[in-house]
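Chemist:
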Amino acid sequence: LPQTTHHSVQSLINNMAAFRIFVLVCSMALTHAQCLPGNDTCLPSWTPTFDMMRSTVLYTCNNSGMHNVQHAIKFGTVVYDWSNAKAIWANAHPMDSEELITKQAEMVLAADPGIPGQNPRVWAYRNTIKALNWYSSVREKLDDPKYASWFIKFKDYKGPQSNNSYHVPACDWYNNGTAPRCSGFYHDQEQTPEHPGGGKPYPVDGSCINQCDCGPINPCGEYIFDHRGGEVNGQTFRDWFINEYMVSTETLLHKNPKTGKPQMIGLGWLDDSMTPHGPTEEDSNYIADTGATPEDMAAQVAAYQESMLELKKKVIPMGGFWWQLLDSSGMKVANQGTPVPSSDCKKILSSVCQPNPSTWNRFQLYNIKNGGTGVTPQGFSDFTAEFLLTRGPYAMLGYSWCGCTNGEQQRPFPDDWNEDYGTPEGACFETRPASGVFQRNWTKATVQWDCDAGHGTIKQV
């Protein structure tokens, strides 16, 4: 709609049906350039929804076992961390975190497959720089000498005698006299399942009853992908990373196990990155232990960034997205422990209560901190009111990462999130100049936020 005037845009917005079509057409027209350098727009290619329940999200993991499916399907989208069911997969032989994430997703999809054409119902964790060998697809390559160029190595590794040569151990630990597994591929144990008792070098992030089993060759650990990795059997590391590890039959190419029909599992939390100082959330002595020069680090960072750019080009047109592409600053005026001053509230809402605010150019996450712990009914009402007041076509309200639960612990799901508010009839607006009261009309509700009172209201019609 390149020649649309301001007046005609406002007319479209005032017409609910045309408004939805206008937003959808514009977003689809930009799909080819989504999230790429030089483009401030970063939106998914799926059909947006204003359904309240379908607009909720839960990022979660249950350490002790599989997540309760009946809790999962309360939320429109559920995103599973690698730690989900850790007590089970950490004691598998070999470990099978990847398969259990898929199994958990299939359990949720069997109970509620979601809405065709909309957001994938379940999203799955992957790491973009750490080669976690409790994922079988990673272990297969790490254990095969042909693929050695795809992983970073310790400097001057000489076998088991090098175990104490670095800031992190090169071998695993177990106290029954069995031979340790050692590796010349760089790895740390910062967030790694361990058999308890190894002391400070082996912090336990998931307890193995016996020796931890990530295959017969390499110990369990946080290895590091080398995105510069060379060609093996006609395939480069980047080829594999994008087209087999990220986009696979466990994710975007997943099929319903009963019908064989496509049933996408979205990419979820694509964790960590490579920086000039080393990988994020890895031992701080990575550069010393690998002997990397400044030129090496620059090359590692550049290769990583190129892989992620190519991943965007592949995934978004396919109907995928991932957590780190979200704008996580959706919640701006609701009280999350520190009240927002009335003057700040008025400035914020004046900037976003526009016919087509720039915030709508991103997929917005309205995150409730600490998993909703301690939030009162008034607090949930305020969070929901702000969400309905300012959200764009692509937006989610719920919980980001805040740690795993155990057993039947569950994040709260307030009644407000099961209500039908219809669809917005336009953007929010100030009810009268300098009133500090902002309103948005929905087909089945009127939503207001009073900056002086510091609260929102939702009146269903």
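Each step along the sequence shown adds one to the number in the numbering used here, with nothing skipped, and position 383 is 365. For glycine and all other residues, C-beta sits at the position ideal for the given N, C-alpha and C. Because the structure is a prediction, the values reported are computed rather than measured.
(1) Going along the chain, which residues of its own chain have a beta-carbon closer than 6 Å to the beta-carbon of G314, five neighbours each way excluded?
(2) For C164 and T355, I'd like the C-alpha separation in whole angstroms.
(3) Would G58 and S37 be called neighbours here (beta carbons separated by less than 8 Å)?
(4) Does the Cβ-Cβ distance between K133 and I199 come in under 8 Å?
(5) If you reduce the DSSP assignment to three classes, tell me which class D221 lands in.
(6) If you draw a straight line from the alpha carbon of Q86 to that of A54, how long is it in whole angstroms?
(7) For a test of the three-state rule: what should DSSP assign to L82, helix, strand or coil?
(8) I'd like to confirm the pairing. Which residues does DSSP put opposite K128 in its beta bridges?
(9) Nearest to T272 by alpha carbon, out of A152, N45 and K328?
(10) Assign K56 to one of three DSSP states: helix, strand, or coil.
(11) For the alpha helix (DSSP H) containing T451, list its first residue and its last residue.
(12) Buried or exposed for N21, please, with buried defined as at least 16 other CB atoms from any protein chain shown within 10 angstroms of its CB.
(13) From which residue to which residue does the beta strand (DSSP E) around M378 run?
(14) Under a three-way DSSP split, which group does C327 fall into?
(15) Using the Cβ count rule (16 or more neighbours within 10 Å means buried), how would you classify G389?
(16) Closest to H49 by CA distance: which of A69, M35 and F32 is it?
(17) So the beta strand (DSSP E) F429 belongs to, where does it begin and stop?
(18) By a C-beta neighbour count over all protein chains shown, 10 Å radius and 16 as the cutoff for buried, is K112 buried or exposed?
(19) Report the start-end ranges of each beta strand (DSSP E) in the region 378 to 417 that is 3 residues or longer and not cut off at the edges.
(20) Quick one: using the 10 Å Cβ neighbour count with 16 as the cut-off for buried, is N115 buried or exposed?
(21) Which residues in the same chain as L371 place their Cβ atom closer than 7 Å to its Cβ, once the five residues preceding and following it in sequence are excluded?
(22) Closest to E232 by C-alpha separation, out of L18, S79 and L308, would be which residue?
(23) With DSSP run on the structure shown, which of helix, strand or coil describes P261?
(24) How far does the alpha helix (DSSP H) with Q336 in it reach, from first residue to last?
(25) On the CB-based measure, 16 or more other CB atoms within 10 Å of its CB, does L18 come out buried or exposed?
Modeler: Reading it off the structure:
(1) Here the sequence assigns Lys to residue 314, which means Gly is not the residue at that position. So the qualifying residues of the chain are I330.
(2) 42 Å
(3) yes
(4) Looking at the sequence shown, residue 133 is not Lys but Phe. Going by C-beta atoms, F133 is not nearer than 8 Å to I199.
(5) helix
(6) 10 Å
(7) helix
(8) Partner(s): none; K128 has no beta bridge.
(9) A152
(10) coil
(11) Lying outside -17 to 443, the shown extent of the chain, residue 451 is not represented and no answer is given.
(12) exposed
(13) A377 to Y381
(14) helix
(15) exposed
(16) A69
(17) It should be pointed out that residue 429 corresponds to Val in this sequence rather than to Phe. Note, V429: beta strand (DSSP E), A427 to D432.
(18) buried
(19) none
(20) buried
(21) C410, F420, R422, V429, W431 and G438
(22) S79
(23) strand
(24) Taken as a continuous stretch (DSSP letters only), Q336 belongs to no alpha helix (DSSP H), as it is neither H nor E.
(25) exposed
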